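Undergrad: Got a structure for you, questions after.
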Amino acid sequence: MTEILFQLTFLLAAPFWALMILLPKWSWTTRVVSSPLIVLPIVVIYALLIIPAFGEVWPAVTNPTLGGIRRLLGSADGAAAGWAHMIAFDLFVGRWSYLDSRERGVPALVMAPILLLTILLGPLGLAAYLAVRPRWPQRLG
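Quick note: the sequence shown uses numbering that gives the first Met the number 0, first residue 0, plus one each step.
Next comes the structure, spelled out in structure tokens:
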């Protein structure tokens, strides 16, 4: 079951990434990505993995130590939950970057590599977007 949930995690996120990267100006892309609920299926997977292990997870995250987090993520369930956590947050950040970039008029060719970086190395993608964002001031309504 854990392997299926692990595989399903990215498969559920991939269509949204494809829309934002490959079809950024299509009206349906903005319509679909505008909903923060696009991350909900991944959040459900995360919950399915975390809730049964809540007794182990809660102490590890409320009083984190390197060893405790290492043990938590060292199991198949922990790694799959960590993956779902990353995919959900990366998608949410990518969604915000995409929507904000559309409002500012950031070119799609600038955003495509930033969104790809966000998929692969989330915080670095966010940093890249925050670095280019000031170049395109927000358009007034």
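No residue lacks a Cβ here, since even glycine has one placed at the ideal position from N, Cα and C.
Bear in mind that the values here come from a model prediction, so they are computed numbers and not experimental data.
Quick one: any contact between the segment 103-118 and the segment 36-45, if contact means 3 or more CB pairs under 8 Å?
TA: no
Undergrad: Work out the CA separation of L71 and P51 for me, nearest whole Å.
TA: The residue you call residue 51 lines up with position 52 of the sequence shown. The residue you call residue 71 lines up with position 72 of the sequence shown. Taking the straight line from one Cα to the other gives about 13 Å.
Undergrad: Using DSSP with H/G/I as helix, E/B as strand and the rest coil, what is R138?
TA: Taking the first residue of the sequence shown as 1, we reach residue 138 at position 139. If DSSP states are grouped into helix, strand and coil, R138 belongs with coil.
Undergrad: With a threshold of 6 Å on Cβ separation, who are the neighbours of A107 within its own chain once the five nearest residues in sequence on each side are excluded?
TA: If you number the sequence shown from 1, residue 107 lands on position 108. Once the five neighbours on either side are set aside, the close Cβ partners of A107 are P23.
Undergrad: Kindly indicate the opening and closing residues of the alpha helix (DSSP H) around G66.
TA: For the purposes of this step, residue 66 is taken as residue 67 along the sequence shown, with counting starting at 1. Note, G66: alpha helix (DSSP H), 65-72.
Undergrad: Look at the alpha carbon of L4 and the alpha carbon of S100, and state the distance between them as a whole number of angstroms.
TA: On the sequence shown, position 5 is the one that residue 4 refers to. On the sequence shown, position 101 is the one that residue 100 refers to. Straight-line Cα distance between these residues: approximately 31 Å.
Undergrad: When you compare the CB positions of A83 and L48, do they come within less than 8 Å of one another, or not?
TA: Here residue 83 corresponds to residue number 84 of the sequence shown, with the count starting at 1. Here residue 48 corresponds to residue number 49 of the sequence shown, with the count starting at 1. For A83 and L48, yes; Cβs fall inside 8 Å.
Undergrad: For V31, which three-state DSSP category applies?
TA: Locating residue 31 in the sequence shown gives position 32, counting from the first residue. Helix, per DSSP.
Undergrad: What's the gap between the Cα of F53 and the Cα of L125?
TA: Here residue 53 refers to the residue found at position 54 when the sequence shown is read from its first residue. Here residue 125 refers to the residue found at position 126 when the sequence shown is read from its first residue. Those two C-alpha atoms are separated by around 29 Å.
Undergrad: Using alpha carbons as the reference points, say which of I44, T64, R69 lies closest to T1.
TA: Along the sequence shown, one-based indexing puts residue 1 at 2. Checking every option, the nearest Cα to that of T1 belongs to I44.
Undergrad: Identify, in the order they occur along the chain, each residue of the same chain with its Cβ nearer than 8 Å to the Cβ of L90, setting aside the five sequence neighbours on each side.
TA: Numbered from its first residue, the sequence shown carries residue 90 at position 91. So the qualifying residues of the chain are A12, F15, W16, I37, V38, I41.
Undergrad: Go ahead and label V60 buried or exposed: buried means 16 or more other beta carbons lie within 10 angstroms of its beta carbon, across all protein chains shown.
TA: Numbered from 1 along the sequence shown, position 61 holds the residue referred to as residue 60. Answer is exposed; the Cβ neighbour count stays below 16.
Undergrad: Are the CB atoms of V32 and R94 within a distance shorter than 8 Å?
TA: Walking along the sequence shown from the start, residue 94 turns up at place 95. Walking along the sequence shown from the start, residue 32 turns up at place 33. Yes, these two residues count as a Cβ contact at 8 Å.
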